[in-house]
Structure formats: C-alpha cells, structure tokens
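Numbering (this note's numbering), first residue to last: 1 to 266.
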C-alpha cells in the first residue's frame, strides 16, 4: 500500500508539472496543488511520512526547455557533490520513519514557517488511535498543533498536551520524546459536544470517528529546521468494542456461575 501510494503521488506530480509549467512563475504556492506530500514509507510498511516541506526550493521563475537543458548540463559537469547534497543525503525524509533512533530527518533547505507540517498517512482508517509518539530535537514541537483527519481534506485540531521525556542530545539540541494520548483527548472532545444543548449539535465541530491521517502543523515562523528522529503510533481496541467485550464477559461469568437452590426441609 505504501509503495502504491508513493507511485500514485509521483504520477500526480508528473501530470501536475505539465500544467504548472504553463504559468509564468513557479512558487511553493503554484506547486501546492500538485506537489506530493507523501515522501517515505515507514519501516513497518504500515504508514507513510507526509509533509509539505519540499526537499529543495522550486525555481524562482519559469524555465523553458533550453533553460532546463543548460541547468542540467551545469549540474552534470560537477564532479564533486555540493555541501547541500551531502547534508541532505545524511538527513533524508525516511530517517524519520526508519525505526532507528540514531538517524534523523532534518529539513535542510529551510527553517520552519507558519503552516508547515509533517505527519503520517496510516494507510487505513483506525477507529481507536490511542497515542502518537515523536522523538525530536527541534525545541518547538510542543507548540505545533496536532491535527487528525479521515480523508486528508478537513483537519480537526486535538487539544492535547504531550508527555515529554528527555532522551539524549544531538549537536547541542535536547532530544526528547513527546507522547500524545489521543484516545482520552478525543473522548473528552466528544463529551464536550454531547454536553452542548441539542440545538447546537448540528453546528458543532466534531472529531472524526475514523482517523487515517495525523500531522503536526506549525502556527508560527521559527528560525530552526525540523529535526525528527522517529514518529510512531499505537492503535488499540475500539472503545465500543471494549465496552461490548466487557458486557459479554460479564454475561458469561453470570452464565458460568453455579446455580443454588434450597432443598425441601432445609
């Protein structure tokens, strides 16, 4: 599923570039509609890393065929990779989801800006997403908004404060784990909606019942890049399934309980 998604995104990018090339200026905004946000399959193949932060900045202006040819010729003449290439090679996207806490993805091309995000496409809908854990060294992780979505189009901000734990350090940055308990936060959000007067139920913003996408979005500009060592999630048993199982087990205990009756004359 992960490889299929990445292939589909690549095809979308190729087809979209043909449309974008007709405009006079190519920017992040003109590419936003067609640029893929799926960049790397997780080590377990149960998710894909998503982000709107590109590996390189797009060209500042439209390039026709001759300009592209000249640019490619210039690049092919290089015998030694630039420092930027070496840095990107050492901190590529897949290092955030390779299951190895010793590697890290660093957004080497730019600092984080308002609206930048990263997260996971979990490839299928989950009814009880219990928690998400991020191992990161950028100091603004707690300030990023955690959002979840069922289809990737509308996003619900989850009001949750992560549990943090200092793990190590990397090049002067503290590396900490951030665990977001989503199960309780989403249950509390639903409880707040249900406590509203019935006339407000239709207009109330509700969390999605099923979740496939999650992301962390910046709400401010920072003079630092993302430094992500790992992103992982845990799915438990759905709350309604837990309740049903408890009721079923209670009924079975009652049925197994030996019946007692009084003998005549006792």
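Yeah, the Cβ is synthetic: ideal placement off N, Cα and C, and Gly gets one too.
Open item on the list: Assuming residue 212 is part of the beta strand (DSSP E), what are its boundary residues?
Closed with: 211 to 217
TODO: Can you grab the Cα-Cα spacing for the pair residue 132 / residue 70, in whole Å?
DONE: 46 angstroms
Task: Close beta carbons around residue 234, own chain, < 6 angstroms, minus the five adjacent residues each side - done: 130 and 131
- [ ] Would you mind stating whether residue 153 and residue 217 have Cβ atoms separated by less than 7 angstroms?
- [x] no
Open item on the list: Quick check: what's the CA-CA separation for residue 47 versus residue 159?
Closed with: 23 angstroms
TODO: Name, in chain order, the residues that DSSP records as bridge partners for residue 166.
DONE: 176
Open item on the list: Within 10 Å of its beta-carbon, does residue 44 have 16 or more other beta-carbons around it, so buried, or fewer, so exposed?
Closed with: exposed
Open item on the list: For residue 123 and residue 188, what's the separation of their Cα atoms in angstroms?
Closed with: It is roughly 26 angstroms from the alpha-carbon of residue 123 to the alpha-carbon of residue 188.
- [ ] Specify the secondary structure class of residue 234 as computed by DSSP and reduced to three states.
- [x] strand
Open item on the list: Please identify the residue among 231, 111, 184 and 253 whose C-alpha is closest to the C-alpha of residue 96.
Closed with: Considering only alpha carbons, the answer is 231.
TODO: Report the residue from 194, 144, 202 and 225 whose alpha carbon sits nearest the alpha carbon of residue 215.
DONE: 144
Task: Residue interval of the beta strand (DSSP E) (run including residue 148) - done: It spans 145 to 149 - the beta strand (DSSP E) in which residue 148 sits, taken as one unbroken run.
Open item on the list: Within 10 Å of its beta-carbon, does residue 91 have 16 or more other beta-carbons around it, so buried, or fewer, so exposed?
Closed with: buried
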